[in-house]
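So for the sequence shown, the working numbering puts the first residue at 2; every next one is plus one.
All residues carry an ideal CB built from backbone N, CA and C; glycine is no exception.
Written out below as structure tokens is the structure these notes cover.
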Amino acid sequence: MRRSLVPAASRLLTAAAVVCFVGMLPFLSGQDPATAVLRARSSEQLMTQEALDAVRRDLGLGETAWQTLGLWFGRLLHGDLGTSWVSGAPVGPSILSALGVSLLLMGVAILVALVIAVLVCLGPARAGMRGRPAAGSGALSAALTALPEFLLGAVLLILLSVWLGILPPYGWGSPVHVVLPALAMGVPAGGLLGRLLAEAITTAYREPWVQTWIMSGWGRGEILRGVLRRAVPAVLPQMGLIMVGLTGGAVAVEQIFTVPGLGRTALGAASSSDLPMLQASVIVLLVVGVLAGSGSRVLSRWLLGPALAAQAMTSGRRAAVLRRGWWVVPAVCAAVLVAVIALGAPWTPTARTCRGSPRRVPRARAAGRPRWGPTPPAATSWRAWVRAR
Numbered sequence: 002m003r004r005s006l007v008p009a010a011s012r013l014l015t016a017a018a019v020v021c022f023v024g025m026l027p028f029l030s031g032q033d034p035a036t037a038v039l040r041a042r043s044s045e046q047l048m049t050q051e052a053l054d055a056v057r058r059d060l061g062l063g064e065t066a067w068q069t070l071g072l073w074f075g076r077l078l079h080g081d082l083g084t085s086w087v088s089g090a091p092v093g094p095s096i097l098s099a100l101g102v103s104l105l106l107m108g109v110a111i112l113v114a115l116v117i118a119v120l121v122c123l124g125p126a127r128a129g130m131r132g133r134p135a136a137g138s139g140a141l142s143a144a145l146t147a148l149p150e151f152l153l154g155a156v157l158l159i160l161l162s163v164w165l166g167i168l169p170p171y172g173w174g175s176p177v178h179v180v181l182p183a184l185a186m187g188v189p190a191g192g193l194l195g196r197l198l199a200e201a202i203t204t205a206y207r208e209p210w211v212q213t214w215i216m217s218g219w220g221r222g223e224i225l226r227g228v229l230r231r232a233v234p235a236v237l238p239q240m241g242l243i244m245v246g247l248t249g250g251a252v253a254v255e256q257i258f259t260v261p262g263l264g265r266t267a268l269g270a271a272s273s274s275d276l277p278m279l280q281a282s283v284i285v286l287l288v289v290g291v292l293a294g295s296g297s298r299v300l301s302r303w304l305l306g307p308a309l310a311a312q313a314m315t316s317g318r319r320a321a322v323l324r325r326g327w328w329v330v331p332a333v334c335a336a337v338l339v340a341v342i343a344l345g346a347p348w349t350p351t352a353r354t355c356r357g358s359p360r361r362v363p364r365a366r367a368a369g370r371p372r373w374g375p376t377p378p379a380a381t382s383w384r385a386w387v388r389a390r
């Protein structure tokens, strides 16, 4: 019980610390935010107490950092993300629009990462199916992982947009605009995910239960599904971290390709000192990260099932001898048995009729005639006829 409470308490304390940090952003610069906003609005206006109080009421600020934190947290619980210091418009609609763009871009990037991870894992999976599990050198996955998102995005922009003219260089409005940012975000993530999954597949193929399944007659497909069921849950927690990393990498990628996503919104808010917009962006990114991590844990527990608590891989539920063509050997044996019975039944001296009564002796045998061969003359006895033959 204590082991489960300690991580939960640690996560709650971390989340509370992050929320407090975000809520106190207006005072972390060391100066009064009301003074900074008043100077930004009008440099010629006098810094009177009445003017500062008017700015605080307009921005929803308190006189101290803790008052500001309490006011901001109270509005956050009611779904009010605040008002922009630059445009004066509510922050909520802009954040929701940027979140939709970022989620779409992140989803396509995850698909790209999964495709690359599958390609990286083909070699280890084939080696394991042949009985020689080996993860390989991993040079390709290491090279893909080492590529920074902003550098790969710049290279793709120059190569595919400037030189070849295949894809648009920037903007957002059609499915074609998703390709370059998704590739820039998904390729490094796919290299990392493929490397982790390849190591997990190789480790699973080397476990004793694989040899047990092979000795039981299971096919390669069934064993591969069992290996994936064993390897994928081990990678899912890292998958949550990769998704969180995609949100961080989206800041540079969205800035390069002029994508109106959450990362570009947060970067613009930080550069223009629009703290309510920056606070809302950080909180939404935090919620996305928490949901991604929780979803990966739930999916991992669902895939492992009882094996997670038993710390063992369950045995097969049926034997592989019932695969296609299982009926050939029994059918041949049955046919041979029926043929032997059919050929041997007429020569059995104790043959019975279907009702079980003794078979009657034919009249020819009762009269002294042989069962086979020509019929002897009537005046000749049986023994004389045999001697004559």
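Option in Ile111, Ser95, Ile284 with minimal Cα separation from Arg77
Taking the sequence shown and counting its residues from 1, one reaches residue 77 at position 76. First, the amino acid is wrong: residue 77 is Leu here, not Arg. A check of alpha carbon separations from Leu77 across Ile111, Ser95, Ile284 identifies Ile284 as the nearest.
Rounding to the nearest angstrom, what Cα-Cα distance links Pro134 and Ser301 in this structure?
Here residue 134 refers to the residue found at position 133 of the sequence shown. Here residue 301 refers to the residue found at position 300 of the sequence shown. Computed Cα separation, rounded: 24 angstroms.
Would you mind working out which of Pro34, Phe151, Ser217, His79 sits nearest Arg57, comparing C-alpha positions?
The count along the sequence shown starts at 1 and reaches residue 57 at position 56. Restricting attention to Pro34, Phe151, Ser217, His79, the CA atom closest to the CA of Arg57 is found in Pro34.
Candidates Phe74, Arg231, Leu152, Ala190: which alpha carbon is nearest Trp210's?
On the sequence shown, residue 210 is found 209 positions in, with the first residue counted as 1. For Trp210, the nearest C-alpha among the options comes from Arg231.
Taking just the CA atoms, how far does Gly187 sit from Leu193?
Translated into the one-based positions of the sequence shown, residue 193 becomes position 192. Translated into the one-based positions of the sequence shown, residue 187 becomes position 186. Approximately 10 angstroms between the Cα atoms of the pair.
Out of Phe258, Val288, Val245, Leu13, which has the shortest C-alpha to C-alpha gap to Val156?
The residue given as residue 156 occupies position 155 in the sequence shown. Measuring from the Cα of Val156, the nearest candidate turns out to be Phe258.
Cβ-based neighbour list, Leu39, same chain, cut-off 7 angstroms, excluding 5 preceding and 5 following:
As a working mapping, residue 39 is identified with position 38 in the sequence shown. Gln46, Met48, Ala52, Leu53, Val56, listed in sequence order.
DSSP three-state label for Pro209, please.
Translated into positions along the sequence shown, residue 209 becomes position 208. Secondary structure at Pro209: helix, using DSSP grouped into helix, strand and coil.
Would you please state the rounded distance, in angstroms, between the beta carbons of Thr201 and Val236? I believe it to be under 8 angstroms.
Numbered from its first residue, the sequence shown carries residue 201 at position 200. Numbered from its first residue, the sequence shown carries residue 236 at position 235. According to the sequence shown, residue 201 is Ala rather than Thr. With a Cβ gap of about 6 angstroms, Ala201 and Val236 count as contacting.
From the beta carbon of Phe74, is the nearest beta carbon of chain C less than 9 angstroms away?
Going by chain labels, chain C is absent from the structure shown, which holds only one protein chain.
Between the beta-carbon of Leu115 and the beta-carbon of Gly227, is there less than 9 angstroms?
On the sequence shown, residue 115 is found 114 positions in, with the first residue counted as 1. On the sequence shown, residue 227 is found 226 positions in, with the first residue counted as 1. No, the Cβ-Cβ distance between Leu115 and Gly227 is not below 9 angstroms.
Taking only three categories from DSSP, how would you classify Pro169?
Sequence index remark: in the sequence shown, residue 169 carries index 168 (1-based). Residue state, collapsed to three classes: coil.
Could you check if His178 is buried or exposed, using at least 16 other CB atoms within 10 Å of its CB as the buried criterion?
As a first step, residue 178 is located in the sequence shown; it is residue number 177 there, counting from the start. So His178 counts as buried.
The region 99-116 touching the region 154-168, judged by at least three CB pairs closer than 8 angstroms
Counting Cβ pairs under 8 angstroms, fewer than three are found: no touch.
Top-ranked residue by Cα proximity to Leu152, from Asp81, Pro189, Tyr171
If you number the sequence shown from 1, residue 152 lands on position 151. When each option's Cα is compared against that of Leu152, the closest is Pro189.
Got a sec, what are the start and stop residues for the alpha helix (DSSP H) Leu160 sits in?
Here the question's residue 160 lines up with position 159 in the sequence shown. Unbroken run through Leu160: none, as it is neither H nor E.
Helix, strand or coil, according to DSSP, for Pro238 in the structure here?
Position 237 of the sequence shown holds residue 238. It is helical.
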